[in-house]
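Novice: Structure incoming, see below.
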Amino acid sequence: MYEMYINSFVEAIYTILPTFGLNELRITSLEVKEHMYTNMEVTVVIGLMGSVRGNISYSFSMESAKKMVSAMNMGMPVEEIDEDVRSALAELSNLITGRGCKIISNNENYTDFTTPTFIIGKDVYYLMSKVKTLAINVESEAGEIQVNVGLEL
Amino acid sequence: MNMEICNTFLKSVDNILKEMVDVNACISTDFYPEGNEVCSNGVCSIINFEGKIKGRFMIDMTQDAFLNVIKSIMGRNFECAKDMLILSAIAELNNTIAENAVANLNNKYSFELKLASPTVLVAKEALVCIDKIPSYSAICKTTYGDIKVNVAFNEEALTNV
Chain P
30 MYEMYINSFV EAIYTILPTF GLNELRITSL EVKEHMYTNM EVTVVIGLMG SVRGNISYSF
90 SMESAKKMVS AMNMGMPVEE IDEDVRSALA ELSNLITGRG CKIISNNENY TDFTTPTFII
150 GKDVYYLMSK VKTLAINVES EAGEIQVNVG LEL
Chain R
258 MNMEICNTFL KSVDNILKEM VDVNACISTD FYPEGNEVCS NGVCSIINFE GKIKGRFMID
318 MTQDAFLNVI KSIMGRNFEC AKDMLILSAI AELNNTIAEN AVANLNNKYS FELKLASPTV
378 LVAKEALVCI DKIPSYSAIC KTTYGDIKVN VAFNEEALTN V
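Protein sequences appear in the order of chains P and R. When you line the first sequence up against this note's numbering, it's residues 30 to 182, in that order. When you line the second sequence up against this note's numbering, it's residues 258 to 418, in that order.
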């Protein structure tokens, strides 16, 4: 069951990122962690509700966040993480999560998701799930995205 | 209605802190607007909710205040805030507070709110934001230290409720 949910979000990443011209995607690591720690400065957290309860987060370095938004804006340069950049990253996170939830719902497991919450800071230690967190590192032309999925199954 | 929603969460904080942590919270400030960016003091627990309105409930405190609260819950000292066990305890506290508040709001206003799982974070400096959704904060003074209560929700949805 856990694999089904994880595969849904991995499939969503591989579906959504190429729509912004990011085609060279590679999963560089996939591991189960007791807790979530990231040294990346920008994290978007989205809550999941319905057939499964939990959280999914997308972490970016400052540089990869700017490059990601630049790719979403047809290559327009991005100088700083302002409200427009946060909106774009929130939209990207919404698209991936929404796609993942749709794939899950196709398997007759209804899942909905909340508004994204941004957390900006260095060396942030997280608890996202009472159980375990699965960490997926995805390498792209815009840099690395750390996806953490914490589900209460 | 904005303040009624915020005060429902605040009342829940007061009730649950008394029940679970055996501490009286003295509300030292009324809710004040904090925009859509909130700077964490060290340890914060965030729980998002969705329904006829959507938003976030957050409790935030310094690491020292957090360790004091944990000592009261767990009955012993902990040296470091980055401990899964005690972070789970604060997540559970946040969850209980939010469940209580959301139940009251659903009963009174039929908001049909559901909660996601809590997220807890520990950082020296972290900024927490939900864009385009303003938030309101109040400070509770306790014997363990100050606890900031922050509630964010999309006010424009209230006109449709």
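Don't be surprised by glycine CBs; every beta carbon is placed ideally from N, CA and C.
Look at the alpha carbon of R/GLY312 and the alpha carbon of P/ASN52, and state the distance between them as a whole number of angstroms.
Specialist: Computed Cα separation, rounded: 34 Å.
Novice: Check the Cβ of P/THR162 against every Cβ in chain R and list those closer than 9 Å, keeping chain order.
Specialist: Neighbours of P/THR162 on chain R: none; closest Cβ ~11 Å, over 9 Å.
Novice: Does the CB of R/ASN305 have a neighbour CB from chain P at under 8 Å?
Specialist: So yes, R/ASN305 belongs to the interface.
Novice: Give the residues of chain P in contact with R/SER374, contact being defined as C-beta atoms less than 8 Å apart.
Specialist: The contacting residues are GLY76, LEU77, ARG82, GLY83, ASN84, MET157, SER158, LYS159, GLY179 and GLU181.
Novice: R/CYS386 versus chain P: which residues are under 9 Å apart at the beta carbon?
Specialist: By Cβ distance, chain P contributes GLU112, ARG115, THR146, PHE147, ILE148 and ILE149.
Novice: At which residues does the alpha helix (DSSP H) containing R/ILE396 begin and terminate?
Specialist: Note, R/ILE396: premise wrong, no alpha helix (DSSP H); beta strand (DSSP E) at 392-399.
Novice: Which runs of the alpha helix (DSSP H) fall wholly inside the segment 339-408 of chain R and span at least 4 residues, in chain order?
Specialist: You should have 341-366.
Novice: What does the alpha-carbon distance come out to for the pair R/VAL270 and R/SER345?
Specialist: Spanning the two alpha carbons is a distance of roughly 17 Å.
Novice: Candidates R/SER374, R/THR319 and R/PHE306: which alpha carbon is nearest R/TYR401's?
Specialist: Of the candidates R/SER374, R/THR319 and R/PHE306, the one whose C-alpha sits nearest the C-alpha of R/TYR401 is R/THR319.
Novice: Are the CB atoms of R/SER302 and R/VAL377 within a distance shorter than 8 Å?
Specialist: In contact: R/VAL377 and R/SER302 (Cβ atoms closer than 8 Å).
Novice: What residues from the segment 340-355 of chain R come within 8 Å of chain P, judged by C-beta to C-beta, listed N to C?
Specialist: Per Cβ criterion, the list reads MET341, LEU344, SER345 and ALA348.
Novice: Flag this pair as yes or no: are the beta carbons of R/TYR393 and R/PRO290 separated by less than 8 Å?
Specialist: A contact, by the Cβ cut-off of 8 Å.
Novice: What beta strand (DSSP E) runs, 3 residues minimum, are completely inside the segment 267-332 of chain R?
Specialist: Whole beta strand (DSSP E) segments, 3+ residues: 289-292, 294-297, 300-307 and 312-318.
Novice: How far does the alpha helix (DSSP H) with P/SER116 in it extend, from its first residue to its last?
Specialist: Counting along the chain, the alpha helix (DSSP H) containing P/SER116 begins and ends at 112-135.
Novice: Does the beta-carbon distance from R/LEU324 to R/ALA338 come in below 8 Å?
Specialist: The answer is yes: Cβ separation under 8 Å.
Novice: Could you work out which residues of chain R lie near P/THR44, taking near to mean beta carbons separated by less than 9 Å?
Specialist: By Cβ distance, chain R contributes nothing, its closest Cβ being about 23 Å from P/THR44, past 9 Å.
Novice: Looking at the C-beta of P/ALA94, does it have a partner C-beta in chain R at a distance below 8 Å?
Specialist: Chain R, which has no Cβ nearer than 8 Å to the Cβ of P/ALA94, makes this no.
Novice: Going along chain P, which residues have a C-beta under 9 Å from R/ALA358?
Specialist: Per Cβ cutoff of 9 Å: no residues; R/ALA358 is ~16 Å from chain P at best.
Novice: What whole-angstrom Cβ distance do R/GLU294 and R/LEU384 have, given they're in contact under 8 Å?
Specialist: About 6 Å; that satisfies the 8 Å criterion.
Novice: Given P/SER99, which residues of its chain have a CB within under 7 Å of its CB, disregarding the five upstream and five downstream residues?
Specialist: Only MET105, PRO106 and VAL107 meet the Cβ criterion.
Novice: So is R/ARG333 in contact with chain P if we call contact Cβ pairs under 8 Å?
Specialist: Chain P contact via Cβ: absent.
Novice: Kindly indicate which three-state DSSP category P/VAL107 falls into: helix, strand or coil?
Specialist: DSSP places P/VAL107 in coil when its eight states are reduced to three.
Novice: Which residues in chain R have a C-beta closer than 9 Å to the C-beta of P/GLU63? List them in chain order.
Specialist: Within 9 Å Cβ-Cβ: MET341.
Novice: Could you name the residues of chain R that P/ALA41 contacts, counting a contact when the two beta carbons are closer than 8 Å?
Specialist: Those within 8 Å of P/ALA41 in chain R number zero; the least Cβ separation is about 18 Å.
Novice: Could you check the C-alpha separation between P/ALA164 and P/LYS62 for me, to the nearest Å?
Specialist: Each residue's Cα considered, the two are about 7 Å apart.
Novice: Going along the chain, which residues of its own chain have a beta-carbon closer than 8 Å to the beta-carbon of P/SER90, five neighbours each way excluded?
Specialist: Result list for P/SER90: MET69, GLU70, VAL71, GLY172 and GLU173, in chain order.
Novice: Taking C-beta to C-beta, are P/MET157 and P/GLY127 nearer than 8 Å?
Specialist: Not a contact, by the Cβ cut-off of 8 Å.
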